[in-house]
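Have a look at the structure below before the remarks.
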Amino acid sequence: MTKQLAGHLLVDCLLAQGVTHAFGVPGESYLAVLDGLYARHDQIKFITCRQEGGAAFMAEAHGKLTGRPGVCMVTRGPGATNASIGVHTAFQDSTPMVLLVGDVASDCRDREAFQEVDYGSFFGPSTKGFAKRVERIDDADRMPEYVARAFATAMNGRPGPVVLVLPEDMLTQMTDAQPLPRVEAVQAWSDPGSLHTLGEMLLASRQPLVIAGGGGWTPQSAQALQRFAENWKLPVGNAFRFQDTFDNHHPLYAGDVGIGLNPKLAARVKASDLIIAIGPRLGEMTTGNYTLLEAPKPKQKLVHIHASAEELNRVYQADLAIQATMNAAARSLEVLPAPLSVPWQAWTASCNADYLENLEPQELPGSIDMPAIVGLLQRHLPADAVLTNGAGNFASWLHRFFKHHGLAKGHKTQLAPTVGAMGYGVPAGIAAAITTGRVVLTIAGDGDFLMNGQELATAVQHGAKSIIVLLNNGMYGTIRMHQEREYPRHVSGSHLNNPDFAALARAYGYAGVRITRTAEFEAELLAALARKEGTLIEVRLDPEVITTRATLSSITRGALNKQLSQ
1 MTKQLAGHLL VDCLLAQGVT HAFGVPGESY LAVLDGLYAR HDQIKFITCR
51 QEGGAAFMAE AHGKLTGRPG VCMVTRGPGA TNASIGVHTA FQDSTPMVLL
101 VGDVASDCRD REAFQEVDYG SFFGPSTKGF AKRVERIDDA DRMPEYVARA
151 FATAMNGRPG PVVLVLPEDM LTQMTDAQPL PRVEAVQAWS DPGSLHTLGE
201 MLLASRQPLV IAGGGGWTPQ SAQALQRFAE NWKLPVGNAF RFQDTFDNHH
251 PLYAGDVGIG LNPKLAARVK ASDLIIAIGP RLGEMTTGNY TLLEAPKPKQ
301 KLVHIHASAE ELNRVYQADL AIQATMNAAA RSLEVLPAPL SVPWQAWTAS
351 CNADYLENLE PQELPGSIDM PAIVGLLQRH LPADAVLTNG AGNFASWLHR
401 FFKHHGLAKG HKTQLAPTVG AMGYGVPAGI AAAITTGRVV LTIAGDGDFL
451 MNGQELATAV QHGAKSIIVL LNNGMYGTIR MHQEREYPRH VSGSHLNNPD
501 FAALARAYGY AGVRITRTAE FEAELLAALA RKEGTLIEVR LDPEVITTRA
551 TLSSITRGAL NKQLSQ
């Protein structure tokens, strides 16, 4: 058999796994892989990014959209540590991802060679790191084994990131090894006895509530979830930043269970006598800092369905724990025999009424009406548009007021980091444009944008179009909000002197505009949708408008009054 460089074999192995895009920053430690990509550029596209954190976010977003591991390529040391933010995001968001790290040559290892890092200690699960597996490939002939295992590990059970370390000298070895066939995620089916028990628990319930989310959902499983909810007339809430799991327009929708939670929905989670959690980890944000569901034993009856056995009964002791992948779980649940009538129909209707009532905005100061702007996005964006955001109070406008049709209609439409990583939205939006070709809308804050705004150069280079709505209030708004709550009027470290964002966008090759009044937004949005290139719309937001419900001054007054009363 014909021998080839191991770096070329790696590219063949990626192609065998169905990889179409790799996101990365080039490095001298994996030149042989880059040469392999050059030889196969018509089959796999290398997206040259400006910083490894942005590249890793793009790979994570690709994994969310496709259900198969997004691939990120970086060099050793600083390249890998820069990319770690995307790996951590993939871990907490349960997203399949493979990070390929070019490393020091084998004869330099363990000498603190140039940019050398112990990746097992840095990323590894054995050190409570944030990768499912970290492996180093020292033998080129075994590359197909390692790559296939990486993809299987990334997809199976709770999806997540895998790190493969590639010594520079190994990549230049000659090998006649051949890629292994494409691996698919293994489906874990619900235990029939447990499904029977779940049915009995439902029949004994009076105020049940489904919370759906987490990784591993497909359009087919989301549609099966909808049929299960319809059969049993169950209210469904979506877990934090998985708001496209269940159709927000459906009369059974109860709202998103996350940051900025509707107070009435929070009360209903607490009042429920049966929580059926399908897919989410039930982390801090979805459980209101572990108060909506008390850890380790909730007051509500809890059915927890998750793909990973290690996740079940880890934080919460469930009354019924079922290990199943989302496709298998939802398809099992949709055929669970339901009675002709249920006693909680009024409860379900009230849950949806609370959600609809929460769409009515509070009156806030300033010349920008954010609920109206979100309403314009709802009106003009196509139903399959991808919406992305990073972390910050600015994201709450979409989370509260935008209604996703979501996966049940055939497309994933939300890319948002449950890990709460700032700087995610811009690169995720670029990856979505590259991966899907659909309309992409990113909402960003001023502080959030500047963490990865340089990736607009990547978008222009690779012909990707995104529309960025940048809310500029001159501060790290979330931190300022917490400062006013805890240390009122002691502003420290949260003020920002910003550049001219519209001019900066134009410098990268985007169109850049600025608005100061709500009436200016619709025309700029329509123009952005019509343009061939991407657009950044800077929205000058009154600093007082700090949340969807409260002003900065009201938070300060509340904190001062609390101090006076103590």
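If you're matching positions, the sequence shown starts at 1 in my numbering and goes up one per residue. Glycine included, every Cβ here is placed at the ideal spot set by N, Cα and C. Quantities reported herein were computed from a predicted structural model and do not represent experimental measurements.
Could you compute how far the alpha carbon of residue i sits from the alpha carbon of residue j?
{"i": "Ala432", "j": "Gly425", "result": "10 Å"}
{"i": "Gln454", "j": "Ala131", "result": "27 Å"}
{"i": "Gly622", "j": "Met174", "result": "Summary: the structure shown does not reach residue 622, with the chain confined to residues 1 through 566, and so no result is reported for it."}
{"i": "Arg480", "j": "Pro263", "result": "22 Å"}
{"i": "Pro69", "j": "Leu14", "result": "10 Å"}
{"i": "Val585", "j": "Gln414", "result": "With the chain represented from 1 up to 566, any question about residue 585 goes unanswered, as that position is not in the structure."}
{"i": "Ala212", "j": "Phe242", "result": "8 Å"}
{"i": "Ala444", "j": "Glu360", "result": "23 Å"}
{"i": "Asn313", "j": "Tyr30", "result": "42 Å"}
{"i": "Arg540", "j": "Thr436", "result": "31 Å"}
{"i": "Arg400", "j": "Arg379", "result": "16 Å"}
{"i": "Phe23", "j": "Gly160", "result": "17 Å"}
{"i": "Ala154", "j": "Thr95", "result": "8 Å"}
{"i": "Lys532", "j": "Val491", "result": "42 Å"}
{"i": "Arg567", "j": "Gln566", "result": "The shown model of the chain, from 1 to 566, leaves out residue 567, and the question about it has no answer."}
{"i": "Ser350", "j": "Leu265", "result": "10 Å"}
{"i": "Ala318", "j": "Lys297", "result": "7 Å"}
{"i": "Leu456", "j": "Glu52", "result": "14 Å"}
{"i": "His411", "j": "Lys403", "result": "14 Å"}
{"i": "Glu168", "j": "Val25", "result": "16 Å"}
{"i": "Gly512", "j": "Arg506", "result": "5 Å"}
{"i": "Phe449", "j": "Gly260", "result": "21 Å"}
{"i": "Pro179", "j": "Asn358", "result": "53 Å"}
Do residue i and residue j have their CB atoms nearer than 9 Å?
{"i": "Gln92", "j": "Gly288", "result": "no"}
{"i": "Ile434", "j": "Met97", "result": "no"}
{"i": "Met170", "j": "Asp138", "result": "yes"}
{"i": "Gly258", "j": "Phe246", "result": "no"}
{"i": "Leu202", "j": "Ser332", "result": "no"}
{"i": "Glu524", "j": "Phe501", "result": "no"}
{"i": "Gly157", "j": "Gly423", "result": "no"}
{"i": "Gly102", "j": "Met73", "result": "yes"}
{"i": "Pro208", "j": "Pro235", "result": "yes"}
{"i": "Ser272", "j": "Gln300", "result": "yes"}
{"i": "Gly129", "j": "Met285", "result": "no"}
{"i": "Pro417", "j": "Gly390", "result": "yes"}
{"i": "Tyr476", "j": "Leu496", "result": "yes"}
{"i": "Gln17", "j": "Val134", "result": "no"}
{"i": "Leu340", "j": "Gly199", "result": "no"}
{"i": "Gly36", "j": "Gly77", "result": "no"}
{"i": "Pro217", "j": "Gly279", "result": "According to the sequence provided, residue 217 is Trp. The question's Pro does not apply to it. For Trp217 and Gly279, yes; Cβs fall inside 9 Å."}
{"i": "Ala83", "j": "Pro427", "result": "no"}
{"i": "Ala188", "j": "Ala328", "result": "yes"}
Whole-angstrom Cβ separation of residue i and residue j, contact assumed at under 8 Å?
{"i": "Trp397", "j": "Val374", "result": "5 Å"}
{"i": "Ala324", "j": "Ser190", "result": "4 Å"}
{"i": "Glu568", "j": "Ile555", "result": "Look at the range of the chain in this structure, 1 to 566, and you will see that residue 568 is not part of it."}
{"i": "Val163", "j": "Phe123", "result": "5 Å"}
{"i": "Ala222", "j": "Gly67", "result": "At roughly 12 Å, the Cβ-Cβ gap does not stay under 8 Å, so Ala222 and Gly67 are not in contact."}
{"i": "Asp627", "j": "Lys3", "result": "In the structure as shown, the chain begins at 1 and stops at 566. Residue 627 is therefore absent and cannot be evaluated."}
{"i": "Thr458", "j": "Thr48", "result": "7 Å"}
{"i": "Ala267", "j": "Val303", "result": "Actually they do not touch by this definition, with Cβ atoms about 21 Å apart."}
{"i": "Leu536", "j": "Ile468", "result": "4 Å"}
If you follow the beta strand (DSSP E) that residue i is in, where does it begin and where does it stop?
{"i": "Cys72", "result": "70-74"}
{"i": "His306", "result": "301-306"}
{"i": "Ile373", "result": "Counting along the chain, Ile373 falls outside any beta strand (DSSP E), though it belongs to the alpha helix (DSSP H) covering 370-380."}
{"i": "Ala324", "result": "First-last for Ala324: undefined, no H or E at that position."}
{"i": "Leu525", "result": "No beta strand (DSSP E) contains Leu525, which is instead part of the alpha helix (DSSP H) from 521-530."}
Since residue i is in the alpha helix (DSSP H), which residue starts that stretch and which ends it?
{"i": "Asn248", "result": "Premise fails: Asn248 is in no alpha helix (DSSP H) and is neither H nor E."}
{"i": "Arg88", "result": "The residue asked about is misnamed: residue 88 is His in this sequence, not Arg. Its alpha helix (DSSP H) spans residues 78-92."}
{"i": "Phe401", "result": "396-401"}
{"i": "Leu345", "result": "For clarity, residue 345 is Gln in the given sequence; the question names Leu instead. Element bounds for Gln345: 345-358."}
{"i": "Asn389", "result": "Premise fails: Asn389 lies in the beta strand (DSSP E), 386-389, not in any alpha helix (DSSP H)."}
{"i": "Met1", "result": "Counting along the chain, Met1 falls outside any alpha helix (DSSP H), and DSSP gives it neither H nor E."}
{"i": "Pro263", "result": "263-271"}
{"i": "Thr556", "result": "552-565"}
{"i": "Met97", "result": "Run containing Met97: none in the alpha helix (DSSP H); it sits in the beta strand (DSSP E), 97-103."}
{"i": "Arg149", "result": "143-155"}
{"i": "Thr66", "result": "52-66"}
{"i": "Glu168", "result": "168-171"}
{"i": "Arg506", "result": "501-508"}
{"i": "Tyr119", "result": "119-123"}
Task: Whole alpha helix (DSSP H) elements within the segment 179-243, 4-residue minimum - done: 192-203, 219-232
Open item on the list: At 3 residues or longer, what runs of the beta strand (DSSP E) sit wholly inside the segment 433-494?
Closed with: Taking only runs of at least 3 residues, the beta strand (DSSP E) segments lying wholly in the segment 433-494 are 440-445, 467-472.
Task: Length-filtered (4 minimum) alpha helix (DSSP H) runs lying within the segment 4-44 - done: 6-16, 31-39
Open item on the list: Ignoring anything shorter than 3 residues, give me the beta strand (DSSP E) runs that lie fully in the segment 270-297, in order along the chain.
Closed with: Those beta strand (DSSP E) runs which fall completely within the segment 270-297 and span 3+ residues are 274-278.
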